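>
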Amino acid sequence: MASHRASHRASRRWFGRGRTRALLATGLLLGVGAVGTSAYWSTGATVTGVQATAGAIHIDLAGAQRVKPETYAWTDLGGNLSTAGGSQAKVIRVRNNSTGAVRFSYDLAASAPNTTFGNALQVTVRKGGSVSGTSCTGGTLVGGAGANLRTYSATVGTISSWSAAPYDDLCVQVTLPAGSGVTGGSTAALTFTFSATQVVS
Amino acid sequence: MSRTLRLGREAALWTGGILGTLCFLAVLGGWLFNVTPLVFASGSMTPAYGVGSLGIAHEVPASELAVGDVVSVRDARGSRVTHRIVGVDARGDGAVLTLKGDTNDVVDAQTYEVTSADRVVLDVPYAGYVLAAASSPAGLAAGGLLVIGLLVLAFGPRNGPRTGPRRHALVGAGAVAVLGVGGGLGLTGQVPWAFTSAAWTDAATATATVSATTPAPVAPVLSCSVVGTNGDWKIKLDWTYSPDPTTKFVVRSNGLGVPGTPVDVAKTLRTWTSAGFTSRNGQVWVVAVNGVNEVESTRISFDFGPGAGNGNKLCPSA
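Protein sequences, first through last, are from chains A and B.
For what it's worth, the numbering used here labels the leading residue of the first sequence as 1, then goes sequentially.
For what it's worth, the numbering used here labels the leading residue of the second sequence as 202, then goes sequentially.
Okay, here's the thing in structure tokens:
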């Protein structure tokens, strides 16, 4: 009994008024200050307040519906390019068909064979652009104009699945410049890869 | 003070004390042991690390990383991403990592060059939701108010007569200082815990085939004349052409006897004269030829002899 009282007294010395616990609670201020500044005021955020999301990501091309893996045969972009200088331009719709509220950022990378023809090809991408003849006009240029197709890679932007128009229309122009030394009859298989990564915010 | 109020006060003090201690320990533990608590904010690592999980990550050098490890690294945008290693390419003291979320069909769009990475070693399901809520504006405000309330409870005037103004000021200044230290840590990026995106990824591919076609060259602008003397008539062709280093010219004829077909290797030929002929009845023409793939222009022929026919022009007689 006596030892219990002694223990109780010792406990009260440490915790009776709660001052030790109150001082320890100031650790929360450390967290509040750290999270508050880094998440809401600092541009170089280390700790970011986030909203956990559930669902599944889907990036679809030209009306496809949640196809995995998706390979779209873009036949209308293909065709003939004059060795004297020519181009083809078409619009493709890139859609966020994710289930749940998912926002993604996506990149576009192009590739072609490592041949004279493949190396000579250039690409111009315009988000929101339209086709005029065999060229893309308007919209926002993505990456450089007339970029080397084989090494083309650019971040296009973000699309939110919950937006009223959860898609981008990309005008893609493939150009064979004049004087490239390409032999008529050459062919090249082009690949455009759209890579989406969920954006958490 | 009633028993209920006393119990409430004790509960608040214990709750605040424990949470505050955890905050202190998280900072100290992170610095001392290179440990980073990670809140999984998205679900590409499900079921190993679901949305809202709290992962405990330990920083290890690149040389200790292996395929199958789940690591947290920064992407090109500076955000943390936590995925499983599917490829390691050692580069000097570092490595280039290829990562993939367990539920993703494709690897991450970018690779990550690192000298070290936070390897996830422990998972506490759902604990991340608590931290996510605490980091919201409401959570931060609640935390701040809780601490202020606890300080008032512990050091306020109703808590004993010996708490003087100096001690009040000292406690207040200390609390502000701790808040300031936390703010400094946050601004400088020294906070050893983080939220991470186990981001979903997806990819779609469009393929197209293009062909190079060489258009026929434009036909040269041609003139024809008969030169020489009686018994030694010759056909002379002259033409002009816009400069094009890839185009050469070929002369062809019918009825000249010894027509000759010059090979325009230098691609500079602009005139040609036949050998002497006697027939005085036939055709002669020049075509421009693409030097790359031998595609010929349309031909415009001159008839020499009694008159033009078949759409040809008549080469004027001498």
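Quick reminder that beta carbons are idealized off the backbone N, C-alpha and C, glycines included.
Only a predicted model underlies this, so the values are computations on that prediction, with no experimental measurement involved.
Can you tell me the Cα-Cα spacing of residue 355 of chain B and residue 341 of chain B, whole angstroms?
So the two alpha carbons sit approximately 21 Å from each other.
> Mapping the DSSP letters down to three states, classify residue 154 of chain A as helix, strand or coil.
Reduced to three states, the DSSP call for residue 154 of chain A is strand.
> Decide if residue 455 of chain B is buried, meaning its Cβ has at least 16 other Cβ atoms within 10 Å, or exposed.
Label assigned to residue 455 of chain B: exposed.
> Step through the CB atoms of chain A and report whether any lies within less than 8 Å of the CB of residue 234 of chain B.
No, residue 234 of chain B does not count as interfacial toward chain A.
> Which residues in chain A sit within 7 Å of residue 520 of chain B, going by Cβ to Cβ distance?
Residue coverage of chain B in this structure runs from 202 to 519, which leaves residue 520 of chain B outside it and unanswerable.
> Whole-angstrom Cβ separation of residue 56 of chain A and residue 98 of chain A, contact assumed at under 8 Å?
Sure, about 6 Å apart at Cβ, within 8 Å.
> Below 8 Å, how does it come out for the region 274 to 293 of chain B and the region 365 to 375 of chain B: are there three or more Cβ pairs, yes or no?
Short answer: they don't touch.
> For residue 430 of chain B, list the residues DSSP reports as bridge partners.
DSSP lists B/433 as partners of residue 430 of chain B.
> If we call anything under 8 Å between Cβ atoms a contact, is residue 406 of chain B one with residue 115 of chain A?
No, they are not a contact pair.
> With distances taken from CA atoms, which of A/96, A/129, A/106 is nearest residue 139 of chain A?
Closest by alpha carbon: A/129.
> Express the C-alpha separation of residue 143 of chain A and residue 127 of chain A in angstroms, rounding to a whole number.
One C-alpha to the other measures close to 10 Å.
> Have a look at residue 246 of chain B and residue 153 of chain A and give me their C-alpha separation to the nearest angstrom.
About 27 Å.
> Could you check which residue in A/151, A/135, A/102, A/191 has the C-alpha nearest to that of residue 171 of chain A?
If we check each option's Cα against that of residue 171 of chain A, A/135 comes out closest.
> Helix, strand or coil for residue 106 of chain A per DSSP?
Looking at residue 106 of chain A - three-state DSSP - the assignment turns out to be strand.
> Tell me, please, which residues DSSP counts as bridged to residue 57 of chain A.
For residue 57 of chain A, which the question treats as bridged, DSSP gives no partner whatsoever.
> Inspect the beta-carbon positions of residue 80 of chain A and residue 161 of chain A and report whether they are closer than 8 Å.
No, they are not a contact pair.
> Report all residues from its chain with a CB closer than 6 Å to the CB of residue 173 of chain A; omit the five preceding and five following residues, and keep chain order.
So the list reads 87, 89, 124, 135, 136, once near-sequence residues are dropped.
> Threshold first: 3 residues or longer. Then list the beta strand (DSSP E) segments lying entirely within the region 471 to 508 of chain B, N to C.
Fully enclosed beta strand (DSSP E) runs of 3 or longer: 472 to 474, 483 to 491, 501 to 505.
> Report back the beta-carbon spacing between residue 178 of chain A and residue 85 of chain A to the nearest angstrom; my notes put them in contact at under 8 Å.
The pair is a contact, with the Cβ atoms about 3 Å apart (cut-off 8 Å).
> Since I believe residue 304 of chain B is in contact with residue 287 of chain B (beta carbons under 8 Å), could you give me their beta-carbon distance rounded to a whole number of angstroms?
Not quite, the Cβ-Cβ distance comes to about 13 Å (not below 8 Å), so this is no contact.
> Thinking C-beta only, is residue 105 of chain A closer than 8 Å to residue 158 of chain A?
Yes, these two residues count as a Cβ contact at 8 Å.
> Assuming residue 436 of chain B and residue 498 of chain B form a contact by the criterion Cβ under 8 Å, report the distance between their Cβ atoms to the nearest whole angstrom.
No, residue 436 of chain B and residue 498 of chain B are not in contact; Cβ-Cβ is about 20 Å, not under 8 Å.
> Name the one or two DSSP bridge partners that residue 190 of chain B has.
Residue coverage of chain B in this structure runs from 202 to 519, which leaves residue 190 of chain B outside it and unanswerable.
> Hey, out of B/477, B/478, B/482, B/496, whose CA is closest to residue 449 of chain B's CA?
Checked all of B/477, B/478, B/482, B/496; the closest Cα to residue 449 of chain B is B/496.
> Which same chain residues end up closer than 8 Å to residue 182 of chain A when comparing Cβ atoms and leaving out the 5 residues on each side of it in sequence?
Correct list, in chain order: 83, 116, 117, 120, 176.
> Return the CA-CA distance between residue 457 of chain B and residue 418 of chain B, expressed in angstroms with no decimal places.
If I take the Cα positions, the gap works out to 26 Å.
> I need the boundaries of the alpha helix (DSSP H) containing residue 214 of chain B, first residue and last residue.
Segment 204 to 234, the alpha helix (DSSP H) holding residue 214 of chain B.
> Whole angstroms is fine: what's the gap from residue 190 of chain A's alpha carbon to residue 268 of chain B's?
Rounded to whole angstroms, residue 190 of chain A to residue 268 of chain B spans 32 Å at the Cα level.
> Within 10 angstroms of the Cβ of residue 46 of chain A, are there 16 or more other Cβ atoms? Answer buried if so, exposed if not.
Since pLDDT at residue 46 of chain A reaches only 33, below the 50 mark, its modelled position is unreliable, and the value read off the structure follows with that caveat. Buried is the call here.
> Look at the Cβ atom of residue 307 of chain B, then the Cβ atom of residue 250 of chain B, and state whether they are nearer than 8 Å.
No. Outside cutoff.
> Quick check: is the beta carbon of residue 1 of chain A nearer than 8 Å to any beta carbon in chain B?
Interpretation of residue 1 of chain A is limited by its pLDDT of 46, a score under 50 that renders its predicted location unreliable; the figure taken from the coordinates is listed afterwards. Taking Cβ atoms only, chain B never reaches closer than 8 Å to residue 1 of chain A, which makes this a no.
> Chain B partners of residue 187 of chain A, CB-CB under 8 Å?
The contacting residues are 410, 411, 412, 413.
> Can you give the Cα-Cα distance for residue 260 of chain B and residue 242 of chain B, rounded to whole angstroms?
Residue 260 of chain B and residue 242 of chain B: Cα-Cα distance of roughly 20 Å.
> Using a Cβ-Cβ cutoff of less than 6 Å, which residues in the same chain neighbour residue 184 of chain A once the five nearest sequence positions on both sides are dropped?
Taken in chain order, the residues that qualify are 83.
> Specify, as a first and last residue, the run of the alpha helix (DSSP H) that residue 511 of chain B falls within.
It is not in any alpha helix (DSSP H) - residue 511 of chain B carries neither H nor E in the DSSP assignment.
> List, in order along the chain, the chain B residues whose C-beta lies closer than 9 Å to that of residue 184 of chain A?
Result: 412, 413, 414, 415, 416, 491, 493, 494, 496.
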